[in-house]
Amino acid sequence: MLKSYVLAGALIATLSGAALAEKMMNRTTDRPSGAMDRSTTETTGAPQFLTTLPQNALLVSNIHEQNIYDPQENKIGEVKDLVVDRSGKISAAIISVGGFLGIGKKDVAVAFSDIKAAERNNKWWLTINATKDELKNATGFRFDKNKGLWTLGGK
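Right, dumping it as structure tokens:
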């Protein structure tokens, strides 16, 4: 449960970073109503409270522990974790592949940008342009509980 909250916070940080980048790109243009100006908060370090969120946003809860499919719609794994870099961008997804009831499974890392999401029957459908065998043959990772991070060395 705590992991889900941490992932949700990371997604919010990512979205906030995107909003800041858009603001910087559109500095000279008129701001739409409801847009927030960070100029008053940048000197105090106070948080920026949002009044709107992107309508087509993908939530961490729509990704975390969801099945992932190949282009032929075969289930090839499950998203186990998301890796957020220091700038707040989700850089990788950890996908668990293979095994039965957790025995013989392998965790691999893929670039988050390689995962595509579409909405089907009011549920998010995640795909990646890879086969189950390609994921099984990829470099494995394992979660180091002492360090609290993913390291090379999975099966």
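Mapped onto mature numbering (1 follows the signal peptide of the UniProt record, and there is no 0), the consecutive letters of the sequence shown carry residue numbers -21 to -1, 1 to 134.
Built from N, CA and C at the ideal position, the CB exists for glycine as well.
Note that this is a predicted model, so its numbers are computed, not measured.
- For D60, the beta-bridge partners assigned by DSSP are I73.
- Rounded to whole angstroms, F79 and K68 show a C-alpha spacing of 32 Å.
- Beta-bridge annotation (DSSP): R65 is not paired with any residue.
- In the DSSP assignment, N46 falls within the beta strand (DSSP E) that extends over N46 to Y48.
- Taking a 10 Å sphere around the C-beta of K59, we find 16 or more other C-beta atoms and assign the residue as buried.
- Rounded to the nearest whole angstrom, the C-alpha separation of N53 and P26 is 43 Å.
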